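Chemist:
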Amino acid sequence: MKLHISIFLVFLLIGCSSKKETIKEEASITQQTEQQIEPPQPPKTTTYKENSTLVSCLVDTLEIVDDYKYKITVKVITAIPDDWNVSIIEPEQIITVIPAYLLDENQNIDLQNPINAKLYELRNLKKKGFFIGKVTLARDNNYYITKVEAWQNPPEE
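With this note's numbering, you'll find the sequence shown wraps up at 178, consecutive numbering, no jumps.
1. Report all residues from its chain with a CB closer than 8 Å to the CB of Asn145; omit the five preceding and five following residues, and keep chain order.
2. Using the Cβ count rule (16 or more neighbours within 10 Å means buried), how would you classify Thr74?
3. Please determine, among Ile110, Leu140 and Trp105, the residue with the shortest C-alpha to C-alpha distance to Leu123.
4. Report, in whole angstroms, the separation of the C-beta atoms of Ile136 and Lys168, which I expect to be a contact under 8 Å.
5. Helix, strand or coil: which one does DSSP assign to Pro102?
6. Pick out whichever of Asn129, Ile119 and Lys149 has its Cα sitting closest to the Cα of Pro176.
7. Taking DSSP as the reference, what is the three-state secondary structure of Tyr164?
8. Under DSSP, the beta strand (DSSP E) around Glu84 begins and ends at which residues?
9. Give me the Cα-Cα distance between Asp161 and Asp131, rounded to the nearest whole angstrom.
10. Check whether the Cβ atoms of Leu83 and Lys96 sit closer than 7 Å, and answer yes or no.
11. On the three-state DSSP scale, how would you describe Leu146?
12. Verify whether the separation of the beta carbon atoms of Ala171 and Tyr165 is less than 7 Å.
13. Can you tell me whether Pro120 is buried or exposed? The criterion is at least 16 other CB atoms within 10 Å of its CB, across all chains shown.
14. If we count the other Cβ atoms within 10 Å of its Cβ and call it buried at 16 or more, is Ile109 buried or exposed?
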């Protein structure tokens, strides 16, 4: 009987000590797992840089959309890429450009701004009028004229 009790106590001690080791291992695994888990990171967005080209163009058509907006269909005469990028426009290409006015702090078009004033003046161009400016291809696949260097209507016949 003493032998049975001794064997029982040995198994009981072995079982209790192995349970303590298992609990310690589980606790250490839990701590390691908690340390390895990081908060989810938002996906990294790709940077997007608009590509612009300095162009000289001849006007084909001009469509007034509203008080400030218009669309000009032009034939590109020369195209020089800006900032050593690849040119988004080639000579002889026909494109439609839209003005990209700079907005003030209230999100309104400020015609006192010299850039906006020149963009607004382009509304006065006639067929075969000429302008030099900077054109940007935006994410929406529209060509925007962002800066006007000079413009001129053709001589009256």
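The beta-carbon is built from N, C-alpha and C at its ideal position, and this holds for glycine as well. Since we're looking at a predicted model, the values are computed, not measured.
Modeler: So, from the listed chains and residues:
1. Its chain contains Asn174 as the residues whose beta carbon lies nearer than 8 Å to that of Asn145, once the 5 sequence neighbours on both sides are disregarded; these appear in chain order.
2. Answer is buried; the Cβ neighbour count reaches 16.
3. Comparing Cα positions, the closest option is Leu140.
4. Indeed, because the Cβ distance is near 6 Å, the residues count as touching under 8 Å.
5. In this structure, DSSP gives Pro102 an extended state, which the three-state scheme calls strand.
6. Minimum Cα distance to Pro176 is reached at Lys149.
7. Reduced to three states, the DSSP call for Tyr164 is strand.
8. Boundaries of the beta strand (DSSP E) around Glu84: Asn72 to Ile85.
9. The straight-line gap from Cα to Cα measures roughly 24 Å.
10. No, Cβ-Cβ distance for Leu83 and Lys96 is not below 7 Å.
11. The three-state secondary structure of Leu146, taken from DSSP, is coil.
12. No, the Cβ-Cβ distance between Ala171 and Tyr165 is not below 7 Å.
13. Taking every protein chain shown into account, the CB of Pro120 has 16 or more other CB atoms within 10 angstroms, so this residue is buried.
14. By the neighbour-count rule (16 or more Cβ atoms within 10 Å), Ile109 is buried.
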